[in-house]
Amino acid sequence: MTRPCSLLIIGKVWPEPGSSAAGSRMMQLIQLFKSEGWEITFASAAGKSGFETDLEQLGGKEQKIKLNDSSFDDFIRSVQPSVVLFDRFMTEEQFGWRVAEEHPAALRILDTEDLHCLRDAREQAWKEGRAFHTTDLFSDIAKREIASIYRSDLSLIISETEMEILNECFGIRESLLHYVPFMLQSMEPEMLDKLPVYEQRAHFVSIGNFLHKPNWNAVLYLKEDIWPHIRTRLPEAELHIYGAYSSQKVEQLHNAEQGFLIKGRAEDAKDVISNARLLLAPLRFGAGIKGKLTEAMQCGTPSVTTSIGAESMQGDLEWPGAVEEKPELFAEKAVWLYTHKREWEKAQEKGIQIINRRFAAKEVPGMLLKRIYLLVETLDNHRANNFVGQILLHHTAASTRYMAKWIEEKNA
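The sequence shown begins at 776 in my numbering and counts up one residue at a time.
As structure tokens, then:
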């Protein structure tokens, strides 16, 4: 069986595992492919923030590329990768047609991260003060994202809910999709012995990139509707809000008298979460798997979240904390877990079960690699069975090519 040994990842941004779950997810994929001995090049048109992983230290290569510039054509021809991975659909829109034209033999994979059309549809429904309906999915963003999935040879889907939506609402065949949740290390019960115990922990924590709309909305929800209820019951407790890319609008929420403390970027997220007694994640919209919640489980920190926060994470297992929608009940469960040691310890154990049974399955990496190797071997036949994708690629290339050339000439 053909074994690809070279991978080009094209990223909208450079991977920052300390800033977002998307960055952590990308590093999980990179580490998997490195373990197979693949040569990896990561290319991006984005500037660097100073918080990204140094991929060259891991044995990979880095390449700065330009948008709407034919220099990328020369680059892809020189690299000749076996596989090209796009880190989200917008990246595939920009570069997918160039890869298809200049190096059609490469297997093109889209890592959706989470379904942007689902996240956006839920946000719009929330803004309008109504329940989300599946008809909300059929937006302009969905047209772009679903087209990108069809143009790609394979799309990596992070949650079972999103697999179901793509199958049932959009009619996408499973031959174009592959379910890949977080790939985490298993946890042994004795690992809890190395973590701070109930009595050594204090206060509540919330964490998440402030640029991510669901996270910012959750911070406002905590400030306005949830934290006042908790603070009334626990006047000495504090809520520590951590997140990358803070700003003035975030900092102005800081109020020491109320115990609502904006801490900014966490130097070590695991240390911060491990020393908190409870993590709060009242997400009112969003999609995908929530990195903050798996990290809480790894740190032995129970969590209180919403159904959107817990979506596709626990399977048939019990949540390591509580799942509530109404702010009063959310606060009530948070106070209960915070003040009842035995219930708190039970929640810890439930978190380990979820990590081990849902996100540390040894077959997940192997199944992904097997799928990729098979597609590389049967790529022509696979593409012949995806005629819709061929149509979309043809028209996208035709329309985008001239726009890109016009922009390139304009910028010359």
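Note that the Cβ used here is the ideal one computed from N, Cα and C, for glycine as well.
Computed from a predicted model, the values in this text were never measured in an experiment.
Start-to-end residues for the alpha helix (DSSP H) that takes in residue i
i	result
valine 859	Counting along the chain, valine 859 falls outside any alpha helix (DSSP H), though it belongs to the beta strand (DSSP E) covering 858-861.
glutamine 899	891-902
tyrosine 973	Segment: none, tyrosine 973 is in no alpha helix (DSSP H) and carries neither H nor E.
phenylalanine 1193	Residue 1193 is absent from the model: the chain starts at 776 and stops at 1187.
alanine 1196	Given that the chain is displayed from residue 776 to residue 1187, the structure contains no residue 1196 and the question cannot be resolved.
glutamate 871	A small correction: the amino acid at residue 871 is glycine; glutamate does not occupy that position in the sequence shown. That run of the alpha helix (DSSP H) goes 864-877.
Bounding residues of the beta strand (DSSP E) (the contiguous stretch that carries residue i)
i	result
aspartate 849	No beta strand (DSSP E) contains aspartate 849, which is instead part of the alpha helix (DSSP H) from 846-854.
leucine 1014	1014-1017
isoleucine 1130	Careful: isoleucine 1130 lies outside any beta strand (DSSP E) and carries neither H nor E.
leucine 931	929-932
glutamate 814	814-819
glutamine 838	836-839
leucine 833	Careful: leucine 833 lies outside any beta strand (DSSP E) and carries neither H nor E.
arginine 883	882-886
serine 781	781-786
threonine 1080	1078-1080
Residues of its chain near residue i, where Cβ-Cβ distance is below 8 Å and the 5 sequence neighbours each way are ignored
i	result
glutamate 1103	His1004
methionine 776	Its pLDDT being 47, under 50, methionine 776 is placed unreliably in this model, and the value from its coordinates should be taken loosely. If we look at methionine 776 and ignore the five residues flanking it on each side, its Cβ neighbours are Tyr1148, Leu1149 and Glu1152.
phenylalanine 864	Leu885, Thr887, His891, Arg919, Glu920, Ser923 and Ile924
Cutoff 7 Å; reference residue i; Cβ partners in own chain excluding five residues on either side
i	result
proline 1140	Leu807 and Met958
glutamate 877	Asp848, Ile851 and Arg852
glutamate 811	Leu1144
phenylalanine 907	Ala896, Arg897 and Ala900
6 Å Cβ shell around residue i - same chain, five flanking residues per side excluded
i	result
glycine 1075	Leu967, Leu970 and Gln1123
tyrosine 954	Ile932 and Met938
tryptophan 901	Arg1059 and Phe1060
alanine 1040	Residue 1040 is actually arginine in this sequence, not alanine. Same-chain partners within the cutoff: Ala1019.
serine 1174	none
isoleucine 840	Ala818, Ala820 and Phe847
valine 788	Ala821
Cβ-Cβ separation, residue j to residue i (assumed contact under 8 Å), whole Å
i	j	result
serine 857	serine 799	Contact doesn't hold; Cβ gap of about 25 Å is too wide.
leucine 893	isoleucine 940	6 Å
aspartate 862	aspartate 886	6 Å
arginine 1117	tryptophan 872	58 Å between Cβ atoms; not a contact.
asparagine 1161	leucine 951	6 Å
Let me know the beta strand (DSSP E) ranges lying completely inside the stretch 1023-1074, each 3 residues or longer, listed in chain order. As far as the stretch 1023-1074 is concerned, its whole beta strand (DSSP E) runs of at least 3 residues are 1035-1039 and 1053-1056.
Using a Cβ distance threshold of 8 Å, determine whether the stretch 1163-1173 contacts the stretch 911-925, with at least three qualifying pairs required. Because the criterion of three Cβ pairs below 8 Å is met, the stretch 1163-1173 and the stretch 911-925 touch.
Kindly confirm or deny that the stretch 1103-1116 and the stretch 1126-1133 touch, where touching means at least three C-beta pairs closer than 8 Å. Contact between the stretch 1103-1116 and the stretch 1126-1133 is absent, because fewer than three Cβ pairs lie under 8 Å.
Kindly provide the ranges of any alpha helix (DSSP H) runs that are 4 or more residues long and lie completely inside the stretch 1093-1174, ordered along the chain. Every unbroken stretch of the alpha helix (DSSP H) spanning 4 or more residues and falling wholly within the stretch 1093-1174 is given here in chain order: 1102-1114, 1116-1129, 1138-1152 and 1154-1159.
In chain order, what are the residue ranges of uninterrupted beta strand (DSSP E) at least 3 long that sit wholly in the stretch 934-974? Assignment of beta strand (DSSP E) within the stretch 934-974, counting only whole runs of 3 or more residues, yields 952-954 in chain order.
The stretch 986-1003 in contact with the stretch 1020-1034 per 3-pair CB rule at 8 Å: The way I'd put it, the stretch 986-1003 does touch the stretch 1020-1034; three or more beta-carbon pairs between them come closer than 8 Å.
Are the stretch 1032-1047 and the stretch 1092-1103 touching by the rule of at least three beta carbon pairs closer than 8 Å? The stretch 1032-1047, when compared against the stretch 1092-1103, does not touch it at the 8 Å Cβ threshold.
Quick check for students: name the residue ranges of the alpha helix (DSSP H) that lie wholly in the stretch 990-1014, counting only runs of 4 or more. At a cut-off of 4 residues, the continuous stretches assigned as alpha helix (DSSP H) that sit fully inside the stretch 990-1014 are 1002-1008.
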